[in-house]
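I have placed the structure first, in the form of structure tokens, so that the comments after it can refer back to it.
There are 2 protein chains.
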Amino acid sequence: MFRYEIIKEEKDTGARLGRITTDHGVIETPIFMPVGTQATVKSMDTHDLKSLGARIILGNTYHLYLRPGEEIMKKAGGLHRFMNWDRPILTDSGGFQVFSLGDLRKITEEGVTFASHLDGSRHFMTPEKATHLQNVIGSDIMMCFDECAPADSDYDYTKKSMEMTTRWAKRCQDAHERPEDQALFGIVQGGMFEDLRAKSAADLSAMDFPGYAIGGLSVGEAKSTMYHLLDVTVPLLPREKPHYLMGVGSVDALFEGVIRGIDMFDCVLQTRIARNGTAMTSQGKVVVRNAPYQDDFSPLDPECDCYVCRNHTRAYLRHLIKCNEILGARLLTYHNLYFTLSLMEKIREAIKTDSLLALRDTIFQKYGIQKIGE
Amino acid sequence: MFRYEIIKEEKDTGARLGRITTDHGVIETPIFMPVGTQATVKSMDTHDLKSLGARIILGNTYHLYLRPGEEIMKKAGGLHRFMNWDRPILTDSGGFQVFSLGDLRKITEEGVTFASHLDGSRHFMTPEKATHLQNVIGSDIMMCFDECAPADSDYDYTKKSMEMTTRWAKRCQDAHERPEDQALFGIVQGGMFEDLRAKSAADLSAMDFPGYAIGGLSVGEAKSTMYHLLDVTVPLLPREKPHYLMGVGSVDALFEGVIRGIDMFDCVLQTRIARNGTAMTSQGKVVVRNAPYQDDFSPLDPECDCYVCRNHTRAYLRHLIKCNEILGARLLTYHNLYFTLSLMEKIREAIKTDSLLALRDTIFQKYGIQKIGE
Chain W
1 MFRYEIIKEE KDTGARLGRI TTDHGVIETP IFMPVGTQAT VKSMDTHDLK SLGARIILGN
61 TYHLYLRPGE EIMKKAGGLH RFMNWDRPIL TDSGGFQVFS LGDLRKITEE GVTFASHLDG
121 SRHFMTPEKA THLQNVIGSD IMMCFDECAP ADSDYDYTKK SMEMTTRWAK RCQDAHERPE
181 DQALFGIVQG GMFEDLRAKS AADLSAMDFP GYAIGGLSVG EAKSTMYHLL DVTVPLLPRE
241 KPHYLMGVGS VDALFEGVIR GIDMFDCVLQ TRIARNGTAM TSQGKVVVRN APYQDDFSPL
301 DPECDCYVCR NHTRAYLRHL IKCNEILGAR LLTYHNLYFT LSLMEKIREA IKTDSLLALR
361 DTIFQKYGIQ KIGE
Chain S
1001 MFRYEIIKEE KDTGARLGRI TTDHGVIETP IFMPVGTQAT VKSMDTHDLK SLGARIILGN
1061 TYHLYLRPGE EIMKKAGGLH RFMNWDRPIL TDSGGFQVFS LGDLRKITEE GVTFASHLDG
1121 SRHFMTPEKA THLQNVIGSD IMMCFDECAP ADSDYDYTKK SMEMTTRWAK RCQDAHERPE
1181 DQALFGIVQG GMFEDLRAKS AADLSAMDFP GYAIGGLSVG EAKSTMYHLL DVTVPLLPRE
1241 KPHYLMGVGS VDALFEGVIR GIDMFDCVLQ TRIARNGTAM TSQGKVVVRN APYQDDFSPL
1301 DPECDCYVCR NHTRAYLRHL IKCNEILGAR LLTYHNLYFT LSLMEKIREA IKTDSLLALR
1361 DTIFQKYGIQ KIGE
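Structural data, given as structure tokens:
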């Protein structure tokens, strides 16, 4: 069972407050989804994720296909049981990872031959197989297998790629074994070309997916380009379906996405920079690894009430990161996810009270973000 | 304030049930102390440590001296505040680490010149400096700076080394700045030689330390040798002071130590093997990294009620370890510490009920341990 309802649209921007209902629980949107690539959000266990308020997390089909593999996933009874997470899960199709392999893969209409990044073993992935794997994983939200063309692809390549992605989407839809309890989303492609984005959105919309993702953005293009393509694309998606902007999670892009009608986001940024010693705070990024923090006994973020900010100092966190202690990665990950999930909560609240632009301006100013065009 | 009381001695063995009182709380003995080398028990935060029942943890003066260093430790107000741990802390003196450096150090009566394992920088450590550093760290229990002679040292070297360690112990005692709130323990050395162990124990006992450690064991010698040396040494230590066997924490040695009058243990074994994918369970060691566990959906230890065993399967833990996921190291660490702390609780209970030998036999049989001499 999958349902999306719009609760309210913000007065000034049309930003949507919504609610997604799945068999594993309800998600208030707009939402940020922590990424749990290999059946764990790196360094977090499911108790941590619940304590910081995560409502839905991501899994990566490509990684789970290689390890632990389909057989183990089947025997475990799916990813929820395997990792002991009883809230909703979204899986990507593996398309992005496969296409990131570069020379290690070969694309045909039928599917993609690729070499594992782990051991070089050869694999053949098709829309049908990616769908089947997600059926075995049992994610609440599945993604169509798509080609994510490189940002610098020319018009001709991008057009052919987008058209193939649409044909693959149909094959995924046809192969889907559990449509009653897993929602399969279509993915809009089309590179940096407005007309290709529009064509992709129109063709997929006609196929009546329960939700729509926008893929192939935040791949190196300017943020202004991404925002422009959202302006072009989102209005062409069915209004009554959730809109998911894939791989985007910076503070500015979360606001600009919501303002343009996006309901769902995911990004590895929060957890990746945490492991490198960078915190997202109300005053902007704090590279706590740096020397000035060695004797700073204040919390990471004076405005944050998370477990880490209530219990630990910048000096201690810097020490842990400098010593490559696991705990440093874990505490910063916890904080960054809490910061982002709290930000999304503020955004939902601002939609309710029709004050989203004011919130954006306040947060951008404190965070040190220049608005595009200023 | 530091106090040790004997609550009861076990009927058959004389094993001691005791209580240590410090400014940061009370510790029931015999106790196992998790090792927090660099101001963190690897992968655990202080909330984890409390949830698994740790009453006292270790810090390493050598590591804390190099990072974060004395100045930061002083500004932080000591290690308790630096790492946000309000229960007791014991620090070693750095002696063991410095002597482990091998060619990187040079020993004289005055102290030890050594090169940092981090950057090769030169340092000079003396009994006075090691004591001062521990005064700055503010540990509840401090250790004298000792020379831990290699296990294969000859009689002459070991004798001279032990005598110097005794002279250094006096210098530590004289240098101690906070005897009213930090207890400084003497460390018995003497290698594998009974008469040297006896001499060391006698000389240190005469100096009236608030507690006594036995160092230089579990450094490669046979377990039977270690047990024999405990038989020789422990009876020569003041009965009314706590006895601490340094660096020992295997299941068999915990029992054999307690039976011989040891009250305190520490060991990196639990946390180190955890990070390599090995669990300590009621049925013996489980190398969960191994292939047979890939589709084993039972808990790590069917008799354990820890968070990990209640929530996760061997198959999931194996997957995390195989993927080098931080969470794998963390969950196994949690379990191994819980297992060991629970074992010590069982041991304390068995002393109360005069059934320690029966408990030992039961646990050894299930764990697959041969009793020495059988």
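Chains as they are written, first to last, in this note's numbering: chain W, 1 to 374; chain S, 1001 to 1374.
C-beta atoms are modelled at their ideal positions from N, C-alpha and C, and glycine is treated no differently.
Status (buried if at least 16 other CB within 10 Å, exposed otherwise) for W/Ser224: As a first step, residue 224 of chain W is located in the first sequence; it is residue number 224 there, counting from the start. It counts as exposed.
Please tell me whether W/Asn290 has its Cβ less than 9 Å away from any Cβ of chain S. Position 290 of the first sequence holds residue 290 of chain W. Not closer than 9 Å to any Cβ of chain S, the Cβ of W/Asn290 fails to qualify, so no.
Would you report the Cα separation of S/Leu1196 and S/Thr1271, rounded to the nearest angstrom? Here residue 1196 of chain S refers to the residue found at position 196 of the second sequence. Here residue 1271 of chain S refers to the residue found at position 271 of the second sequence. Those two C-alpha atoms are separated by around 33 Å.
Quick one: Cα of S/Met1001 to Cα of S/Pro1179, how far? Within the second sequence, numbered from 1, the residue matching residue 1001 of chain S stands at position 1. Within the second sequence, numbered from 1, the residue matching residue 1179 of chain S stands at position 179. Those two C-alpha atoms are separated by around 8 Å.
What's the call for S/His1335, buried or exposed, on a 16-neighbour Cβ count within 10 Å? Counting from one through the second sequence, the residue named residue 1335 of chain S turns up at place 335. When all chains shown are included, S/His1335 counts as buried.
Could you name the residues of the same chain whose beta carbon sits closer than 6 Å to that of S/Lys1042, not counting the 5 residues immediately before and after it, in chain order? The residue you call residue 1042 of chain S lines up with position 42 of the second sequence. Only Thr1271 meet the Cβ criterion.
Have a look at S/Gly1220, S/Asp1266, S/Met1192 and flag the residue whose alpha-carbon is nearest the alpha-carbon of S/Asp1231. Working through the second sequence from its first residue, we reach residue 1231 of chain S at position 231. Considering only alpha carbons, the answer is S/Met1192.
Can you find the residues in the same chain that come closer than 6 Å, C-beta to C-beta, to W/Leu101, ignoring five residues on each side of it along the sequence? As a position in the first sequence, residue 101 of chain W is number 101, starting the count at 1. So the list reads Phe114, once near-sequence residues are dropped.
Contacts around S/Lys1074, its chain only, beta-carbon distance under 8 Å, and the 5 residues preceding and following it disregarded: Taking the second sequence and counting its residues from 1, the one referred to as residue 1074 of chain S is at position 74. Counting only Cβ-Cβ distances below 8 Å, and skipping sequence neighbours, we find Val1136.
If you follow the alpha helix (DSSP H) that W/Asp140 is part of, which residue opens it and which one closes it? Looking up residue 140 of chain W in the first sequence gives position 140. Taken as a continuous stretch (DSSP letters only), W/Asp140 belongs to no alpha helix (DSSP H), as it is neither H nor E.
Quick one: grab the DSSP three-state call for S/Thr1108. Sequence index remark: in the second sequence, residue 1108 of chain S carries index 108 (1-based). Coil, per DSSP.
Identify the continuous alpha helix (DSSP H) that holds S/Asn1336 and give its terminal residues. For the purposes of this step, residue 1336 of chain S is identified with residue 336 of the second sequence, where counting begins at 1. That run of the alpha helix (DSSP H) goes 1326 to 1352.
Could you list which residues in chain A have their beta carbon closer than 9 Å to that of S/Ser1043, in chain order? In the structure shown, chain A does not exist; the protein chains are W and S.
Distance cut-off 8 Å: W/Cys309 Cβ against heavy atoms of the ligand ATP: The ligand content of the structure shown is nil, which means the ligand ATP is not present either.
Note the first and the last residue of the continuous alpha helix (DSSP H) segment covering S/Thr1091. One-based indexing of the second sequence puts residue 1091 of chain S at position 91. Run containing S/Thr1091: none in the alpha helix (DSSP H); it sits in the beta strand (DSSP E), 1089 to 1092.
Does the beta-carbon distance from W/Pro299 to W/Arg289 come in below 9 Å? The count along the first sequence starts at 1 and reaches residue 299 of chain W at position 299. The count along the first sequence starts at 1 and reaches residue 289 of chain W at position 289. No, Cβ-Cβ distance for W/Pro299 and W/Arg289 is not below 9 Å.
Length of the line joining the Cα atoms of W/Tyr212 and W/Ile141: In the first sequence, residue 212 of chain W corresponds to position 212, counting from 1. In the first sequence, residue 141 of chain W corresponds to position 141, counting from 1. C-alpha separation (whole angstroms): 11 Å.
Put S/Phe1193 into one of helix, strand or coil per three-state DSSP. Here residue 1193 of chain S corresponds to residue number 193 of the second sequence, with the count starting at 1. It is coil, neither helix nor strand.
Can you pull the chain S neighbours of W/Phe297, defined as C-beta to C-beta under 9 Å? One-based indexing of the first sequence puts residue 297 of chain W at position 297. Ordered by position in chain S, the residues that pass the 9 Å Cβ test against W/Phe297 are Lys1075, Ala1076, Gly1077, Arg1081, Phe1082.
Using a Cβ-Cβ distance cut-off of 9 Å, determine whether W/Gly71 contacts chain S. As a first step, residue 71 of chain W is located in the first sequence; it is residue number 71 there, counting from the start. Looking at the sequence provided, one finds Glu at residue 71 of chain W rather than Gly. Chain S, which has a Cβ nearer than 9 Å to the Cβ of W/Glu71, makes this yes.
Suppose you measure from the CA of W/Cys267 to the CA of S/Leu1118; what does that come to, to the nearest Å? Numbered from its first residue, the first sequence carries residue 267 of chain W at position 267. Numbered from its first residue, the second sequence carries residue 1118 of chain S at position 118. Those two C-alpha atoms are separated by around 35 Å.
Is it buried or exposed, W/Asn60, if we count other Cβ atoms within 10 angstroms and call 16 or more buried? Taking the first sequence and counting its residues from 1, one reaches residue 60 of chain W at position 60. By the neighbour-count rule (16 or more Cβ atoms within 10 Å), W/Asn60 is buried.
So which residues on chain W does S/Lys1322 lean against when the C-beta distance must stay under 7 Å? Here residue 1322 of chain S is taken as the residue at index 322 of the second sequence, counted from 1. Near S/Lys1322 (Cβ distances below 7 Å), the residues of chain W are Arg67.
Report, in whole angstroms, the separation of the C-beta atoms of W/Leu79 and W/Ala39, which I expect to be a contact under 8 Å. Locating residue 79 of chain W in the first sequence gives position 79, counting from the first residue. Locating residue 39 of chain W in the first sequence gives position 39, counting from the first residue. Contact holds; Cβ gap of about 6 Å.
Near S/His1123, what residues of its chain come up, given a Cβ to Cβ distance below 6 Å and the 5 sequence neighbours on each side ignored? Translated into the one-based positions of the second sequence, residue 1123 of chain S becomes position 123. Excluding residues within five positions, the ones whose Cβ falls inside 6 Å are Phe1114.
Please go through the stretch 149 to 214 of chain W and give each complete beta strand (DSSP E) segment of 3 or more residues, from N-terminal end onward. 183 to 188, 212 to 214
Closest to S/Glu1405 by CA distance: which of S/Ile1326, S/Asp1103, S/Phe1096, S/Tyr1155 is it? Nothing in the structure corresponds to residue 1405 of chain S, since chain S is present only between 1001 and 1374.
Cβ-Cβ distance between S/Pro1242 and S/Asp1263 below 9 Å: Taking the second sequence and counting its residues from 1, one reaches residue 1242 of chain S at position 242. Taking the second sequence and counting its residues from 1, one reaches residue 1263 of chain S at position 263. The answer is yes: Cβ separation under 9 Å.
Among S/Gly1094, S/Leu1229, S/Thr1029, S/Ala1329, which residue has its Cα nearest to the Cα of S/Ala1015? The sequence position of residue 1015 of chain S within the second sequence is 15, counting from 1. Selected option, being the one with the closest Cα: S/Thr1029.
Proximal chain W residues relative to S/Asn1311, where beta-carbon distance stays under 9 Å: To locate residue 1311 of chain S, count along the second sequence from 1; it is residue 311. Here the neighbours are Asp45, Thr46, His47, Asn84.
Cross-strand partners of S/Leu1280 (DSSP beta bridge): Position 280 of the second sequence holds residue 1280 of chain S. It is Met, not Leu, that sits at residue 1280 of chain S in the sequence shown. BP columns for S/Met1280 point to S/Lys1285.
Taking W/Glu256 as the reference, which of W/Leu104, W/Tyr338, W/Ile363 has the closest Cα? The residue labelled residue 256 of chain W in the question sits at position 256 within the first sequence. That would be W/Ile363, whose Cα lies nearest to the Cα of W/Glu256.
For a test of the three-state rule: what should DSSP assign to W/Ile369, helix, strand or coil? Within the first sequence, residue 369 of chain W is the residue found at index 369, counting from 1. W/Ile369: coil per DSSP, three-state reduction.
Which residue comes first and which comes last in the beta strand (DSSP E) that contains W/Phe59? Stepping through the first sequence from its first residue, residue 59 of chain W is reached at position 59. Residue 59 of chain W is actually Gly in this sequence, not Phe. From DSSP, the beta strand (DSSP E) with W/Gly59 extends over 57 to 60.
Within a Cβ cutoff of 7 Å, which residues of the same chain sit near W/Glu5, ignoring the five residues on either side of it in sequence? Taking the first residue of the first sequence as 1, we reach residue 5 of chain W at position 5. Answer for W/Glu5: Gly18, Arg19, listed in chain order.
When DSSP labels each residue in this structure, what does S/Asp1266 get in the three-state scheme? To locate residue 1266 of chain S, count along the second sequence from 1; it is residue 266. Of the three classes helix, strand and coil, the one that applies to S/Asp1266 here is strand, per DSSP.
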